[in-house]
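Accompanying notes for the structure given below.
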Amino acid sequence: MSASSLANLRHDWSLAEVRALFVQPFNDLLFQAQTVHRAHFDANRVQVSTLLSIKTGACPEDCKYCPQSGHYNTGLAKEKLMQVQAVLEEAARAKAIGSTRFCMGAAWKHPSAKDMPYVLEMVKGVKALGLETCMTLGKLDQEQTAALAHAGLDYYNHNLDTSPDFYTSIITTRTYSERLETLSYVRDSGMKICSGGILGMGESLDDRANLLIQLANLPEHPESVPINMLVKVAGTPLENAKDIDPFDFIRMLAVARIMMPQSHVRLSAGREAMNEQMQALAFFAGANSIFYGEKLLTTANPQADKDMQLFSRLGILPEAREDHADEVHQAAIEHALMDQKSGEQFYNAAV
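Position 116 of the sequence shown, counting from 1, maps to 116 under full-length UniProt numbering, and the rest follow consecutively.
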């Protein structure tokens, strides 16, 4: 990263400034976000990840949005930690459908000493397949963080979820400061940070602004910022939450792009409920990362072939890995997309 690029990154955003971004006319906001996006990224490339639940259910946390919490009866089956080989088989499938990053999530408050050796083997095995690695395992201590970094973990996901003020309305079993502490350990270890939040939990505009301020005012911006739309699950306290306005969701993506210009902004949970037009607006607002596959941990996600069809219609291609270690595989993905697009053009001309 050049010195001039670093100089353009801000870490001193105020609430008044961020409010002003949110409330400007929609077209002005999107134009600003797209301009910032094009200054730092290829506007027609989207990073593609796959997320796998490696340990499902019975989580001791009481996050009101989460079907995996042991505090709520959502009908979710409880599963033990997956076998390492089974995880590697899923990673190979993810790579085959075009993912460049494989994310593994466990429903834990924190990893246990007995499970850590298996987790570390998963990281090493997925790396050996030529994929970027990401994990979300709950709170980490310094020793666990160092072990994951030594195993080669690229990204650690630990969402802040919402603003500090609204946080205790959603979660009581882990403090905001503990979340920030884990992010600090991850950054100090040399790993990259994946951290974002959820919209649609009853938060205010200021809560959304303050979530982004927490992320953007970190000493270094998270490399990946997932913006989730609440997936309402029966049995959770938020199952009857009011739907978020689609334009408000797009505004969140756009403001995140402006405040964190070099971060990947991920269009994350909730895509199953978004039509193609909303997703296209999301990409225009600066979203340039998605989860790809049939589900996110325990909730539905648009299937891979539908994503490929949308990418083709929009002229979007999957982003290659930064180290370009798998150029042949990347070229195959792009060739398939171009073939699909050519076929559609031929069909349209024929009819």
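Heads up, the beta-carbon is just placed ideally off N, CA and C, and yes, glycines get one too.
Keep in mind it's a predicted model, so treat the numbers as computed, not measured.
What did DSSP end up calling residue i once you bin it into helix, strand or coil?
| i | result |
| --- | --- |
| leucine 205 | helix |
| residue 379 | The structure shown has nothing for residue 379, since the chain only spans 1 to 351. |
| glutamine 85 | helix |
| histidine 11 | coil |
| glutamine 47 | strand |
| phenylalanine 41 | coil |
| proline 318 | strand |
| serine 69 | strand |
| residue 353 | Any answer about residue 353 is impossible in this case: the structure gives the chain only from 1 up to 351. |
| glutamate 17 | helix |
| asparagine 301 | Residue placement at asparagine 301 is flagged as unreliable, the pLDDT there being 46, under the threshold of 50; a coordinate-derived value is accordingly withheld. |
| histidine 150 | helix |
| glutamine 34 | helix |
| threonine 145 | helix |
| lysine 95 | helix |
| asparagine 275 | coil |
| lysine 124 | helix |
| arginine 174 | coil |
| aspartate 115 | coil |
Could you check which residue in the options has the C-alpha nearest to that of residue i?
| i | options | result |
| --- | --- | --- |
| valine 225 | Met278, Cys59 and Ser268 | Ser268 |
| arginine 257 | His37, Pro111 and Phe26 | His37 |
| glutamine 214 | Tyr118, Leu317, Gln279 and Arg179 | Arg179 |
| alanine 280 | Ala320, Ile250 and Glu239 | Ile250 |
| asparagine 8 | Arg187, Phe291, Ala128 and Met260 | Met260 |
| valine 18 | Met274, Ile171, Cys59 and Leu211 | Leu211 |
| leucine 30 | Tyr292, Ala254, Trp108 and Pro117 | Ala254 |
| lysine 64 | Val233, Val23 and Met252 | Val233 |
| lysine 109 | Asp165, Thr50, Asp62 and Leu51 | Asp62 |
| threonine 56 | Thr136, Asn228, Asn217 and Ala92 | Thr136 |
For residue i, list the residues DSSP reports as bridge partners.
| i | result |
| --- | --- |
| glycine 105 | Ser53 and Thr136 |
| asparagine 157 | Cys194 |
| phenylalanine 291 | Ser49 |
| valine 265 | Val225 |
| cysteine 59 | Ser69 |
*At what residue ranges does the region 200–262 contain a whole run of the alpha helix (DSSP H), taking only runs of 4 or more?*
205–216 and 246–259
Discussion item. When you compare the region 191–204 with the region 149–167, are there three or more beta-carbon pairs, one atom per stretch, that lie closer than 8 Å?
Written reply: yes
Q.
With a threshold of 8 Å, are at least 3 pairs of Cβ atoms found where one atom belongs to the region 130–140 and the other to the region 164–172?
A. no
- Message: Three Cβ pairs or more, each shorter than 8 Å: is that satisfied between the region 183–191 and the region 237–251?
- Response: no
Is there contact between the region 87–94 and the region 19–38, where contact requires at least three CB pairs shorter than 8 Å? no
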